[in-house]
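A.B. asks: Residue 82, in my numbering, is where the sequence shown stops; the numbers in between run on with no holes.
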Amino acid sequence: MSKITCFKVEEPFIYKREFASYDKLFSYISNMDKETYNEYIRRIKIYLDSDSIRKFESNYSSEYFINKLVAL
Numbered sequence: 011m012s013k014i015t016c017f018k019v020e021e022p023f024i025y026k027r028e029f030a031s032y033d034k035l036f037s038y039i040s041n042m043d044k045e046t047y048n049e050y051i052r053r054i055k056i057y058l059d060s061d062s063i064r065k066f067e068s069n070y071s072s073e074y075f076i077n078k079l080v081a082l
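In structure tokens, the structure reads:
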């Protein structure tokens, strides 16, 4: 299992590993209707505005490691 999988958020993202090839991924994205595309964009915006994105900020990483060190 990839470490990236730990952060997997199903809804707003398209994962390459769910496609057998880059060609199939490209085909999926290229043939996506406008409504589906707009729904992905809407969910991405919601995710980026949520607290879930915080774990990717540098301050979060710093706090995480400091808390782990203090707990030793």
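The beta carbon of each residue, even a glycine, is placed where N, CA and C say it ideally should be.
Give every residue of the same chain whose Cβ lies closer than 7 Å to the Cβ of Y70, excluding the five residues on either side of it in the sequence, and list them in chain order.
C.D. replies: Closer than 7 Å at Cβ, skipping near neighbours: R64.
A.B. asks: Measuring straight from C-alpha to C-alpha, what distance separates R53 and S60?
C.D. replies: Spanning the two alpha carbons is a distance of roughly 11 Å.
A.B. asks: DSSP on Y25, reduced to helix/strand/coil?
C.D. replies: Coil.
A.B. asks: Are the CB atoms of P22 and Y47 nearer to each other than 8 Å?
C.D. replies: Going by C-beta atoms, P22 is not nearer than 8 Å to Y47.
A.B. asks: Helix or strand or just coil, what does DSSP make of E73?
C.D. replies: Reduced to three states, the DSSP call for E73 is helix.
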